[in-house]
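Protein chains: 2
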Amino acid sequence: MPKVAILGAGAMGSGLANALVEAGWDVNLWGTWLDDHLIDAIEEGRPHPRINVVISGKVRPFRSAGLEDALDGVDVVVVSVASQGVPKVTEMALPGIAKAKALWLTSKGFMPVDGKILLLPDGIRSIAKAADVELPPIVAIAGPVKANECAAGEPTATIFGCKSRDVAVEFARAARSEHYCIEATDDEVGVEICAPMKNVYAIMLGIADGLEEKTGKPHHNLKAATFNEAVREMSILSTALGADPATAYGLPGVGDLEVTGLSGRNKVYGVRIGRGEGAKGALQAMTELEQTVEGVPALPLAISLVEQSAPQIKDRLPLLYAARQIVEEDVPDYAAVLARAVLPPKP
Amino acid sequence: MPKVAILGAGAMGSGLANALVEAGWDVNLWGTWLDDHLIDAIEEGRPHPRINVVISGKVRPFRSAGLEDALDGVDVVVVSVASQGVPKVTEMALPGIAKAKALWLTSKGFMPVDGKILLLPDGIRSIAKAADVELPPIVAIAGPVKANECAAGEPTATIFGCKSRDVAVEFARAARSEHYCIEATDDEVGVEICAPMKNVYAIMLGIADGLEEKTGKPHHNLKAATFNEAVREMSILSTALGADPATAYGLPGVGDLEVTGLSGRNKVYGVRIGRGEGAKGALQAMTELEQTVEGVPALPLAISLVEQSAPQIKDRLPLLYAARQIVEEDVPDYAAVLARAVLPPKP
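As given, the protein sequences belong to chains A and B, one line each in that order.
At position 132 of the first sequence the residue is numbered 133 (the numbering used here), and the sequence of numbers has no breaks.
At position 184 of the second sequence the residue is numbered 185 (the numbering used here), and the sequence of numbers has no breaks.
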């Protein structure tokens, strides 16, 4: 029975814990210094506060002081914290990670290192290199996975991306169950680009929904054109950074954008903008409700990534730059800005 | 000012009429023998009964007896009737079509000719050949266009596909307006495959929504996996028939599937199945409400097309064959059949 330590007891870490129990794994779930109330609920058999699903009694919970115990003798370590927490948690867990057969990653985002925007696996590699620690293979996990459904054993498709295709296949087989089904790819870059980008683009999808609320008229044509342009831009950006163009057309791009556009805070934020609350006002309202909108911090990092690493494709990403105008510059004519970005230019 | 005769005063023909008026075209709109009540509304300036939008007073309506007048001196003829009506309307209009510079096609479907399933443009070509009439270039029109929004001047992205890329570009420029924006492609086959297939797949998307109603639990992961598999299968099928794989990843595939999954009768039919009404019972209920579900007649034609023209890819279309089991065989375990078709197999 493979043994895993999942670092981060939030929605995705806990959802994955249940999925891996179903697949027959021995699961340690470590909560960070921010997760005590989550571990309380898990220990007491109450539904997880973030996803309203009970975490299996077979999962062994650990509190932040128990990191060393949680990592003891595991085959796989999973980093499953918010992207801002990845550097610190990685550093803390490095000794355990170094002994494992693989490091999995469900965190989604970009990592600025000395002013340069890196994809998370490369950020983790730079941390390990600085500490002179040799890492096992990294497996990037993405795809259309709402954690609550994953935890509840609802049918879920996901994808494991590892530079070594054999490693991706090995774990995609080992972690598979009836409900949690896994594709394997060697396209780490494609998986890691789509994961945070789709949060940015889901805000834009939400705007089309909000325009319907504001005007009383459906804007389905605009929403579909936005979806189409988002997929195109994810493929263009990931390809420019060395990925397989097909990855954005599969589970990490098309699939994950679909699920992220159905519900979630990025979409809700977009709906508020579309309704006319103003990008800044809407963000403040959500912050007061303690609702994090992942796409907002990802947006300037994505723009920096493009300008540092793929400036030649700037002009081919009109929706990304429209997102900047709408979210960061809070332009009043956001509906026209969105439409201009996603409607085909004159051929 | 280019002059067009749109044949068929239903939702899409009338929506296109308004869009072309906005682009400065001179528009004749001909109603078939089934469209008299639609022409009544247009003549009286009432909202079009199918889309609840007033058709521009600049559109000249014609009744079925006035086909010859409607076709007189036009540059472009648009066939915009239900796919079953395409052969008859094409035959009736052939003299006018032969004199035009192009034949546009918004109808979506397949055409059985002597037992062989053809794409609509090839079906039209076979009709013209039998009548010894030389056709102008055919422009296939698809993409995420809800006719009501198109008619109302809401932002809309669409695509014109013609074997001659120059012709596609010429008309994509000429018909463009601020709200109706057009991509051009030379991939007629890709456009024509996606148009009817997405109706079939939208039924499957609806099932995921219906399962949420039935169980009280969201099935967003399943819906997103279904969306992803539908796009993949549209790309596989169109590629096998000679199309560019990218077409299914653009407006005709990804874009149109998105809009078709948001609303419309194919999706509603799927929701009813997902809720547990049974495929046959749900179809009967919708038929009694005079609600046509385009994906239902398209499904067996799509299966025949695959088995006649691309039998080597049968095994790569599990969602299409699951649709057959669910819609035609009315299997009671439709939720499991859908999940098996769209979740990744063991790698």
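For every residue, glycine included, the Cβ atom is placed at its ideal position computed from N, Cα and C.
Nearest CB-CB separation between A/H49 and chain B: not below the 8 Å threshold.
Listed along the chain, the chain B residues whose CB falls inside 9 Å of the CB of A/L30 amount to none; the nearest CB is some 21 Å away. In the DSSP assignment, B/M13 falls within the alpha helix (DSSP H) that extends over A12 to E23. In the three-state reduction of the DSSP assignment, A/P113 falls in the strand class, which pools E and B. Under DSSP, A/C182 takes part in a beta bridge, and its partners are A/A158.
Distance between A/K268 and A/T107, taken at the CA atoms: about 20 Å.
For A/G124, the CB contacts under 6 Å within the same chain, skipping 5 residues up- and downstream, are M112 and V114 in chain order. For the 8 Å CB-CB criterion, A/V272 and A/G207 form a contact. One finds P345 and P348 in chain A with Cβ atoms closer than 8 Å to the Cβ of B/E184, taken in chain order. Here B/D188 is buried. Its C-beta has 16 or more other C-beta atoms within 10 Å. The beta-carbon of B/T157 is placed less than 8 Å from the nearest beta-carbon of chain A.
For B/N222, at least one C-beta of chain A is nearer than 8 Å to its own C-beta. Among the CB atoms of chain A, none fall inside 8 Å of the CB of B/Y202.
In this chain, B/I142 is not harboured by any alpha helix (DSSP H); it is covered by the beta strand (DSSP E) spanning I139 to A143. The beta carbon of B/A196 sits closer than 6 Å to the beta carbons of K109 and A143 from its chain, once the five residues preceding and following it are set aside; these are given in chain order. Listed in chain order, the positions of the region 232–252 of chain A with a beta carbon within less than 9 Å of a beta carbon of chain B are V232, R233, S236, P246, A247, A249, Y250, G251 and L252.
Around B/A101, the same chain offers V75, D76, V77, V78 and P137 as residues with beta carbons nearer than 7 Å, after the five sequence neighbours per side are excluded. Straight across, the Cα-Cα distance linking A/L39 with A/V87 is about 19 Å.
For the region 210–248 of chain B, the full-length alpha helix (DSSP H) segments reaching 4 residues or more read 221–241 along the chain. Check the Cα spacing between B/G9 and each of B/W31, B/A24 and B/D27: the tightest is with B/W31.
A/C151 belongs to the set of residues whose beta carbon lies under 8 Å from a beta carbon in chain B.
Under the DSSP assignment, A/R166 falls in the alpha helix (DSSP H) whose first and last residues are R166 to A175. With contacts defined by Cβ atoms closer than 8 Å, B/S57 and B/V22 form a contacting pair.
Scanning its chain for C-beta atoms nearer than 8 Å, with the 5 sequence neighbours on each side dropped, one finds around A/V82 the residues L8, G9, G11, G14, T33, V90 and S108, in chain order. Contact of A/A340 with chain B by beta-carbon distance below 7 Å involves P156.
Across the structure, A/K347 and B/I194 are spaced so that their CA atoms are roughly 25 Å apart. Bounds of any beta strand (DSSP E) do not take in B/D331, whose DSSP letter is neither H nor E. Secondary-structure assignment with DSSP links A/R61 through a beta bridge to A/N29. Collapsing the DSSP output to three states places A/A152 in a helix. Distance from the CA atom of B/P3 to the CA atom of B/G25, rounded to whole angstroms, is 8 Å.
Shown here, A/I52 sits in coil according to DSSP, grouped into three states, outside any helix or strand. DSSP places B/A286 in the uninterrupted alpha helix (DSSP H) bounded by A280 to E289.
Close CB contacts of A/S305 within its chain, under the 6 Å cut and outside five residues either way in sequence, are with I118 (chain order). Residue-level contact by beta carbon holds for B/S264 and chain A, with a gap shorter than 8 Å.
Excluding residues up to 5 positions away in sequence, C195, V232 and M235 lie with their Cβ nearer than 6 Å to the Cβ of B/G254 in the same chain.
By the criterion of at least three beta-carbon pairs nearer than 8 Å, the region 51–70 of chain B is in contact with the region 150–158 of chain B.
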